[in-house]
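Novice:
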Amino acid sequence: MSVKVKCISDAGYFIDQHFRNTYFEQYYDDVVTLHVRLRQEFATMMYFKVETRFGCFFPQNVAQEIQTPFFFINSAIDSWQVRNILVAPGTDPQGVWKSCTTNIHSCTPSQLKVLQGFRLDFLKAFEGLGPSSTRGYYINSFLVHCQATNQARWFGPKAT
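Quick note: the sequence shown uses my numbering, first residue 1, plus one each step.
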């Protein structure tokens, strides 16, 4: 069996958690504002599917509509999403999460529980894709971001 893929998303499956923080809400609002025309076209297509005007930019809300064959590579606890959505800039003034967001081995049991909840939210959002012959995925639980271009992660001595 052969598979044709025309698009690979490496660490691009951001989940819509209805924004626990205003930092990321503003970030996505800026993206939408930048693409006004695209927003109008998406708004028509996604009007009844999303709760926020920028919800159409989250893969969980639009991936079912994409016809081009694609493949997702993502961590269920993507380090960028952890540092910018779960523990967004300005939400941890005491720096309680600082070491945990860069080294999972330094997380407290309560922080690991929060990360596990984030991971489960990601997997639940990903389930919405459903089965398809035009898309595939590789999901792991490493605290990383952008895996495809890092040869050491795939072929290095710790890759086994």
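Yeah, the Cβ is synthetic: ideal placement off N, Cα and C, and Gly gets one too.
Is the separation between the beta-carbon of PHE71 and that of TYR137 shorter than 9 Å?
Specialist: Cβ atoms of PHE71 and TYR137: closer than 9 Å.
Novice: Taking contact to mean at least 3 C-beta pairs separated by less than 8 Å, is the stretch 128 to 144 in contact with the stretch 67 to 82?
Specialist: The stretch 128 to 144 is in contact with the stretch 67 to 82.
Novice: How is LYS158 classed by DSSP in three states: helix, strand or coil?
Specialist: Three-state result, LYS158: coil.
Novice: How would you write the range of the beta strand (DSSP E) that ARG83 sits in, first residue to last?
Specialist: Segment: none, ARG83 is in no beta strand (DSSP E) and carries neither H nor E.
Novice: Ordered along the chain, which non-local residues of its own chain (more than five positions away) have a Cβ less than 6 Å from that of GLY128?
Specialist: For GLY128, where only same-chain residues beyond five positions count, the Cβ hits under 6 Å are GLN60.
Novice: Is SER9 near ILE77, with beta carbons less than 9 Å apart?
Specialist: No, the pair does not count as a contact, with Cβ atoms beyond the cut-off.
Novice: Would you say HIS105 lies against chain D (beta-carbon separation less than 9 Å)?
Specialist: Absent here is chain D; the protein component of the structure consists of one chain.
Novice: How big is the Cα-Cα spacing for TYR47 and ILE15?
Specialist: Because TYR47 carries a pLDDT of 49, less than 50, the predicted location of this residue cannot be relied on, and the following value inherits that uncertainty. Each residue's alpha carbon lies about 18 Å from the other.
Novice: Straight-line CA distance for ALA63 to CYS7?
Specialist: Roughly 12 Å separates the two Cα atoms.
Novice: Beta-carbon within less than 6 Å of SER99's beta-carbon, same chain only, minus the 5 sequence neighbours each way: which residues are those?
Specialist: SER106.
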